[in-house]
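Below: one structure, written as structure tokens.
Residue numbers (our numbering): 7 to 291.
Encoded structure:
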């Protein structure tokens, strides 16, 4: 079995402008933020991003990396709307496709199954069809029932963050929810998982059940050891959401000068510099 260990910058070097990139996690929970910060340091642009969005989406929008956003929601959980997303939507600064959360999951599953679409009742009788005029309905061949034809969401690449992995790409979550990180990976041509810690394969199931192994090695093209790699989102049980930092982020996003100072302090260097700045944020800048 091949060793797939990589660095965040090595992952980003495999990506190209114009790609469709799926980002796992959920709102402000277990987002692959170390990989997002690596994209910020790159010259990637013109991206289509598929996400149950949080600060991953906000940061990429603020950096003008996104051409098209496909989402079920974009929230910081304890702050209802992600501020950079709100600003971009109000300014009509990004092309968007907004789906029901279940429809987004169904589109990833259709791509996983290598199907052009999957039928669904979700969306019928709602404004989802009105705000997405490209959506089509189909008649069931078994009785003629009208169903929404949810198109497959094929991804060029997927980025996810879990708690543990081995060097081969077997990866596990230890928190309460897998979200849909496995579907993001199987819907993608290439998938990369950052983790809090890379461990020997046998250790993965020493203290956690086999059901916690969300990703198998065939789903994963690269593994990144990134302690604190989901910060400032949560990565339970390793750490919770950094609410104080999230508030600082949201307050800075509301003012261009404050945002520039925030960016210069936290995001203008590499990953080690980011964590050092976070650690020292109580010290006068």
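All C-beta atoms in this analysis are idealised placements derived from N, C-alpha and C, irrespective of residue type, glycine included.
Within the segment 101-173, the complete alpha helix (DSSP H) segments of 4 residues or longer fall at 107-118, 134-137, listed in chain order. With respect to residue 126, residue 153 sits close: the two C-beta atoms are nearer than 8 Å.
An exposed status is given to residue 146, since fewer than 16 other beta-carbon atoms sit within 10 Å of its beta-carbon.
The segment 52-69 makes contact with the segment 78-98; the number of CB pairs closer than 8 Å reaches 3 or more.
Under the criterion of beta carbons closer than 8 Å, residue 159 and residue 114 qualify as touching, at roughly 5 Å.
If you draw a straight line from the Cα of residue 224 to the Cα of residue 172, it comes to about 13 Å. Proximity of the segment 227-242 to the segment 35-46 meets the contact definition, three or more beta-carbon pairs being nearer than 8 Å. With contacts defined by Cβ atoms closer than 8 Å, residue 161 and residue 51 do not form a contacting pair.
Judged by their CB atoms, residue 169 and residue 202 are nearer to each other than the 8 Å cut-off. Put simply, the backbone Cα of residue 102 is about 10 Å away from that of residue 138.
DSSP links residue 196 through a beta bridge to 163. In this model, residue 277 and residue 47 are separated by some 10 Å (Cα to Cα). For the 8 Å CB-CB criterion, residue 261 and residue 30 do not form a contact. Around residue 184, the same chain offers 220 as residues with beta carbons nearer than 7 Å, after the five sequence neighbours per side are excluded. Residue pairing by DSSP places residue 26 opposite 54 in a beta bridge. DSSP places residue 73 inside the beta strand (DSSP E), whose first and last residues are 72-80. Less than 8 Å separates the beta-carbon of residue 280 from that of residue 43.
Here the alpha carbons of residue 7 and residue 91 stand approximately 41 Å from one another. The beta-carbon separation of residue 243 and residue 149, rounded to 47 Å, does not stay under the 8 Å limit for a contact.
Judged by DSSP secondary structure, residue 285 falls within the alpha helix (DSSP H) whose first and last residues are 277-285. Taking a contact as a CB-CB distance under 8 Å, the pair residue 206 and residue 157 does not count as one, their CB atoms being some 41 Å apart.
For the set 237, 249, 263, the Cα lying nearest the Cα of residue 282 is the one of 237. Looking only at 106, 119, 196, 111, the smallest Cα-Cα distance to residue 135 is reached by 106. Pairing residue 218 with residue 245 gives a Cβ-Cβ distance that is not under 8 Å. Taking the CA atoms as reference points, residue 104 sits about 28 Å from residue 17.
Relative to residue 200, the option among 175, 189, 193 whose CA is nearest is 175. For the pair residue 204 and residue 226, the Cα-to-Cα distance works out to about 14 Å. For residue 269, the secondary structure class from DSSP, reduced to helix, strand or coil, is helix.
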